[in-house]
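These notes concern the structure reproduced below.
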Amino acid sequence: MSRDTQLKDRWEILVKKLSAQFADNDPLELDAIIYLVGVQELGQIHKTYKKDEKLNLMHIAICRLLEPYGYYEFDFFDEDGWPHYSIKEELPPLKAGEQSVLMKEALVSYFLEKEYII
Numbered sequence: 288m289s290r291d292t293q294l295k296d297r298w299e300i301l302v303k304k305l306s307a308q309f310a311d312n313d314p315l316e317l318d319a320i321i322y323l324v325g326v327q328e329l330g331q332i333h334k335t336y337k338k339d340e341k342l343n344l345m346h347i348a349i350c351r352l353l354e355p356y357g358y359y360e361f362d363f364f365d366e367d368g369w370p371h372y373s374i375k376e377e378l379p380p381l382k383a384g385e386q387s388v389l390m391k392e393a394l395v396s397y398f399l400e401k402e403y404i405i
């Protein structure tokens, strides 16, 4: 099985499973899944977030997801328990489709690591 086919298959499994768990089977979009990772990483699951906090959660998720690729490095947790990352290497310029593939690959890797999917 090619790497692209395997990523596509795993992505579909991940979307289906998360959508069933969090969206009454309405397919979750990429941004929603990134947001869920941010909430997971923060660990404050049963809280209502304001708009700016939601953006910060997505930032946390992106940093965490791209950390294994060498773009970010975890720094510290602040007094409110929010993780902070520093940039290790700037992301190369990517087209929208390339960004999407990178994030899907990072999300699949994250959920494989968490043993949410196999």
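In this text, residue positions in the sequence shown follow my numbering: the first is 288, and each later residue adds one.
Note that CB positions come from ideal geometry on N, CA and C, so glycine has one too.
{"Query": "Enclosing beta strand (DSSP E) for H371 [first to last residue]", "Result": "370 to 374"}
{"Query": "E360 - containing beta strand (DSSP E), residue span", "Result": "359 to 364"}
{"Query": "Segment contact, 8 Å Cβ cut-off, at least three pairs: the region 304 to 319 with the region 331 to 344", "Result": "no"}
{"Query": "Close Cβ partners of G357 (< 7 Å) along its chain, the five nearest in sequence each way excluded", "Result": "K375, E376"}
{"Query": "Neighbourhood of W369 by C-beta, 8 Å cutoff - its chain only, sequence neighbours within 5 removed", "Result": "L329, N343, I347"}
{"Query": "DSSP state of G330 mapped onto helix, strand, coil", "Result": "coil"}
{"Query": "Beta-carbon proximity of F398 to L301, cut-off 8 Å", "Result": "yes"}
{"Query": "Straight-line gap, Y403 to L305 (C-alpha atoms, nearest Å)", "Result": "9 Å"}
{"Query": "Contacts around Y322, its chain only, beta-carbon distance under 8 Å, and the 5 residues preceding and following it disregarded", "Result": "K341, L344, M345, A348"}
{"Query": "Range of the contiguous alpha helix (DSSP H) that encloses N243", "Result": "Residue 243 lies beyond the stretch modelled for the chain, which goes from 288 to 405, so this question has no answer here."}
{"Query": "Reduced DSSP secondary structure (H/G/I, E/B, other) of I321", "Result": "helix"}
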